[in-house]
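Below is one structure, written out as structure tokens; the observations come after it.
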Amino acid sequence: MLPRSHQYTRLITRRLKHFTITPASSRCIATAASRAPKRLITPSHQTGSFPREVDRRHPELRCFATHSQHITKLSDQGNQTSGTMATYEEVLKGKYPAKLHVKRVVDYIRSKVPDASGVLYLEGRMTKMIEDNDEAEHFRQRRYFYYVTGCPLADCHYIYDISTSKSTLFIPPIDPESVIWSGLPTTAEEALELYDVDEVKYTNDVNATLTHLGSKVPKSTVFAIPEQVSDHITFLEYDNKNLSILKEAIEVSRVIKSDYEIALIEKANEISSAAHRAVLEKVAHVKNEQELEAVFLANCVSRGAKEQAYHSIVASGRAAATLHYVKNDQPVEGKLNLLLDAGAEWNCYAADITRTFPISGKFSKESRAIYDIVLKMQLDCIAALKEGVKWDDVHELAHKIAIDGLLELGILQGDKDEIFKSRTSVAFLPHGLGHYLGMDTHDTGGNANYADKDPMFRYLRVRGTLPAGSVITVEPGIYFCSFIIEPFLKDPVHSKYIDAAVLDKYWDVGGVRIEDNILITHDGSKNLTPAVKDVAEMEKIIAGN
1 MLPRSHQYTR
11 LITRRLKHFT
21 ITPASSRCIA
31 TAASRAPKRL
41 ITPSHQTGSF
51 PREVDRRHPE
61 LRCFATHSQH
71 ITKLSDQGNQ
81 TSGTMATYEE
91 VLKGKYPAKL
101 HVKRVVDYIR
111 SKVPDASGVL
121 YLEGRMTKMI
131 EDNDEAEHFR
141 QRRYFYYVTG
151 CPLADCHYIY
161 DISTSKSTLF
171 IPPIDPESVI
181 WSGLPTTAEE
191 ALELYDVDEV
201 KYTNDVNATL
211 THLGSKVPKS
221 TVFAIPEQVS
231 DHITFLEYDN
241 KNLSILKEAI
251 EVSRVIKSDY
261 EIALIEKANE
271 ISSAAHRAVL
281 EKVAHVKNEQ
291 ELEAVFLANC
301 VSRGAKEQAY
311 HSIVASGRAA
321 ATLHYVKNDQ
331 PVEGKLNLLL
341 DAGAEWNCYA
351 ADITRTFPIS
361 GKFSKESRAI
371 YDIVLKMQLD
381 CIAALKEGVK
391 WDDVHELAHK
401 IAIDGLLELG
411 ILQGDKDEIF
421 KSRTSVAFLP
431 HGLGHYLGMD
441 THDTGGNANY
451 ADKDPMFRYL
461 RVRGTLPAGS
471 VITVEPGIYF
481 CSFIIEPFLK
491 DPVHSKYIDA
501 AVLDKYWDVG
511 GVRIEDNILI
521 THDGSKNLTP
531 AVKDVAEMEK
541 IIAGN
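Sequential numbering of the sequence shown, starting at 1, is according to this note's numbering.
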């Protein structure tokens, strides 16, 4: 929570003394029309403009090229005197750039509907009570709403007037009964200071505002998201209602991250990496997976990250062969390795990190051999990344490196090109190499094709080329899952390439996965994940050195 000013403390005292909210006060409006714009700070990883190739390689994102050039120009102005680029901590001192984001969304809509006029209408998530209970469900803000507001509050609405580029956030009015239990909520004045919008009103003004804006522009359209419009909201003054393009526009816009979004992901990675290290320090001293999950969660919360991006995977021994194992309750004694796939969330943005390490503090011969293959897969794939690279090609590279490594160990046998063409390597790497990351762990815009008949690409969550400014996970793995591998052993097309006798030595390895979060740049990439993955360093930490 942000600290309240002395002035606001006096305001609280006055309200509690009288404890009466009038209709006039509930319609209080705050406006930012007279405020001067703040200068945008751009960190070192995003200083160039999009080249013309963006139009050709990623046509659905061409509308961002001009906008990126504008960001670059502002960045140059902001750094003329300092001579240095901003760190992510400095970037996060500013506001979440909601106006920048909604500009991207409108640009996309206009690329599809050139004469678009009217308003964008979005709702945040509404408070929902637990069934048969008087307590509210755990709240998680709608990501489409957050992208254009930066507002984490429940029961809010948002209107953007396309003709004037004016954004209005609507927050719940003060409810005296709620104040008794929960204290005073955010006021309109406070919200205007916190969020990058032009005006803040209370939610009892939503319909009146919609009516006013719809009546002033002939043949106007309201753009909204299906099933995210409350029953009491009316669009009677609008000639057209478009419920198809707004969701698509936001999903496409979210692929290329603003500098502030990248800073949020870096912050989530910093916290998560520290929590991963804490688990390394404790792994040799616990009896059960759930103790290690508790260590990870406690270290995130103690650093201010109370939300997890997803349910942690804390898999020991053979359980690591289950890709999304979530029981996290098995004893670790006598098992070789622990696979920890866990990431915190920071202000609605995710980290997604996986590390695999020896429970005893020292990898077995077989575990170390598999780990080295997976590490090479990851490092070589990261080295291949830059703007315009086709993700399918990087995924293929991971499989080819896996085949080379498994051939060297004797698990696979035969000609490597034939093995690749047969797709036998899918038995050991059944999932895609990675996915976009942002507000969601599996973020929008990947264009996956789960109907692909090629088993190597069926679960690849990103298809196409990678644009600069996107953040993607690189998470190769090799797994020894009997449920997946045994059908390959029974199929003559694949069994001739697998040496079952050698394979038997590796079942206890379970699975090895290494995952980092990578920012794509114009000429390469930047790894946002500082978590330890060097074998010698991991073993040293586990040993307490």
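Using N, Cα and C, we set each Cβ at its ideal position, and we do this for glycine too.
- If the five residues before and after Gln141 are omitted, its C-beta is found closer than 7 Å to the C-beta atoms of Gly124, Arg125, Pro152, Cys348, all from its own chain and listed in chain order.
- Contact between Phe223 and Tyr121 holds: their C-beta atoms lie close to 7 Å from each other, under 8 Å.
- Rounded to whole angstroms, the gap between the alpha carbons of Asn269 and Val374 is 21 Å.
- Cβ neighbours of Val148 within its own chain (closer than 8 Å, five residues either side excluded): Ala98, His101, Val102, Val105, Leu120, Leu122, Tyr158, Tyr160, Ser167, Ile250.
- Every alpha helix (DSSP H) stretch that sits fully inside the region 480-520 and reaches 4 residues is listed by chain position as 482-490, 492-495, 500-503.
- Listed as beta-bridge partners of Ala342 by DSSP are Ile353.
- For Lys257, the closest C-alpha among the options Glu537, Leu519, Asn545, Lys526 is that of Leu519.
- Per DSSP, Lys526 is one residue of the beta strand (DSSP E) stretching across 525-527.
- Residue Leu340 holds the alpha-carbon nearest to the alpha-carbon of Ala321 among Leu340, Ile401, Leu385.
- With fewer than 16 neighbouring CB atoms inside 10 Å of its own CB, Leu489 falls in the exposed class.
- With respect to the 9 Å criterion, Gly434 and Val474 are classified as neighbours on the basis of their beta carbons.
- The residue from Gln308, Asp205, Tyr479 with its alpha-carbon nearest to that of Trp346 is Gln308.
- Taking 9 Å as the cut-off, the beta carbon of Ala263 is found no closer than this to the beta carbon of Leu379.
- The continuous alpha helix (DSSP H) containing Lys282 extends over residues 259-282.
- Secondary structure of Ser167 (DSSP, three-state): strand.
- Annotation for His157: the continuous beta strand (DSSP E) segment containing it runs 157-161.
- For Phe223, there is no enclosing alpha helix (DSSP H); the residue is found in the beta strand (DSSP E) stretching over 221-223.
- Annotation for Val535: no beta strand (DSSP E) segment contains it, though the alpha helix (DSSP H) segment containing it runs 535-542.
- Per the C-alpha coordinates, the member of Gly445, Ala319, Asn328 positioned closest to Phe296 is Asn328.
- With a beta-carbon spacing of about 15 Å, Arg303 and Ile265 fall beyond the 8 Å limit used to define contacts.
- Here Lys386 is actually not in contact with Asp404; their C-beta atoms are around 23 Å apart, not less than 8 Å.
- Taking a C-beta distance under 9 Å as the contact criterion, Tyr325 and Ala319 qualify as a contact pair.
- Take Tyr238, set aside five residues on each side of it, and the residues of its chain with a beta-carbon closer than 7 Å to its own are Gly118, Gly214, Ser220, Thr221, Val222, in chain order.
- In this structure, the beta-carbon distance from Asp155 to Thr203 falls below 9 Å.
- Residue pairing for Ile130: DSSP places it in no beta bridge.
- In summary, Gly410 is exposed, with fewer than 16 beta-carbon neighbours lying within 10 Å of its beta-carbon over all protein chains present.
- Looking at the DSSP output, Ala136 bridges to Met129.
- The beta carbon of Thr444 sits closer than 6 Å to those of Glu251, Arg254, all from its chain and outside the five residues before and after it, given in chain order.
- Among the bridge pairs identified by DSSP, Asn240 is matched with Thr221.
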